[in-house]
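The structure under discussion appears below in the form of structure tokens.
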Amino acid sequence: MAQSTIHILLAAVVALSYVVSLSEALKEGECEVCIKVMSRFSDDLDDDVRKDHKKIENQFRKWCKGAKGKDNRLCYYLGGLEESATGILGEMSKPLSWNMPADKICEKLKKKDSQICELRYEKQIDFKTVDLKKLKVRDLKKILNDWDEDCDGCIEKSDFIKRIEELKPRYVKDEL
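Residues in the sequence shown are numbered consecutively from 1290, following my numbering.
Spelled out as structure tokens, the structure:
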């Protein structure tokens, strides 16, 4: 009788630990910035760098110098920038040196700092279908800012639209 009770308790513990592990796993679309950055960064690493977590950290700091937008914000949270308030690069570099997948690394990082998984990329504008006249001036300014372009002398909405139309061939790729 006592042995069957132990088996039941053991089965309950196993089931409970399985449920807990499922709740900690990342959900679809969660940590999109972290996963994308870790994947891109990992793919760019040489084999000799990948084996040493200190070299990975140094390489990540260099990579972060060129990062913009949400990628830059992730670098800040991880400690990859000089102005970062905290640094948890070791939590990223060691698992990366063990060839841990990007989603699992981000899962670990989320436990240290939940802000890491709150980062989201902004939706991309489909320039083939969007009517620029229906966008707000702030959205038009954001498009130019994302392209690192200025609009000197732009006052009216039509000025911003004209500038975007001028620059479109340079920044908007036509896909076949």
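For every residue, glycine included, the Cβ atom is placed at its ideal position computed from N, Cα and C.
ask   = Among residues of its own chain, excluding the 5 on either side of lysine 1446, which ones have a beta-carbon nearer than 6 Å to its beta-carbon?
value = So the list reads Val1426, once near-sequence residues are dropped.
request  = Name the residue from Ile1405, Gly1318, Val1461 whose alpha carbon lies nearest to the alpha carbon of threonine 1418.
outcome  = Here the closest residue by C-alpha is Val1461.
query = Are the stretch 1321-1332 and the stretch 1390-1401 touching, with three or more C-beta to C-beta distances below 8 Å?
reply = Because the criterion of three Cβ pairs below 8 Å is met, the stretch 1321-1332 and the stretch 1390-1401 touch.
key: Under 9 Å between C-beta atoms of cysteine 1440 and aspartate 1428   = Cβ atoms of cysteine 1440 and aspartate 1428: not closer than 9 Å.
ask   = Hey, lysine 1344 and aspartate 1333: beta-carbon distance below 9 Å or not?
value = Result no, Cβ atoms of lysine 1344 and aspartate 1333 do not sit closer than 9 Å.
message = Quick check: the Cα distance between arginine 1452 and arginine 1409, rounded to an integer number of angstroms?
response = Distance from the CA atom of arginine 1452 to the CA atom of arginine 1409, rounded to whole angstroms, is 28 Å.
query = Would you say isoleucine 1450 and lysine 1431 are within 9 Å of each other, going by their C-beta atoms?
reply = No, the Cβ-Cβ distance between isoleucine 1450 and lysine 1431 is not below 9 Å.
ask   = Considering only the beta carbon of each residue, do serine 1386 and arginine 1339 sit closer than 9 Å?
value = Yes, these two residues count as a Cβ contact at 9 Å.
Backbone secondary structure at glutamate 1396 - three-state DSSP = Collapsing the DSSP output to three states places glutamate 1396 in a helix.
task = Quick one: grab the DSSP three-state call for methionine 1389.
result = Coil.
query = Considering only C-alpha positions, which residue in the set Glu1396, Gly1442, Lys1383 is nearest to glutamate 1319?
reply = Closest by C-alpha distance to glutamate 1319, out of Glu1396, Gly1442, Lys1383, is Glu1396.
ask   = Mind checking isoleucine 1444: buried by the 16 CB within 10 Å criterion, or exposed?
value = Exposed, since its Cβ has fewer than 16 Cβ neighbours within 10 Å.
query = Can you give the Cα-Cα distance for isoleucine 1377 and glutamate 1407, rounded to whole angstroms?
reply = If I take the Cα positions, the gap works out to 17 Å.
query = For threonine 1375, which residues from the same chain have a beta carbon less than 7 Å from its beta carbon, with the 5 sequence-adjacent residues on both sides left out?
reply = Take threonine 1375, set aside five residues on each side of it, and the residues of its chain with a beta-carbon closer than 7 Å to its own are Gly1368, in chain order.
query = Quick one: is isoleucine 1405 buried, meaning 16 or more other Cβ sit within 10 Å of its Cβ, or exposed?
reply = By the 10 Å Cβ count, isoleucine 1405 comes out buried.
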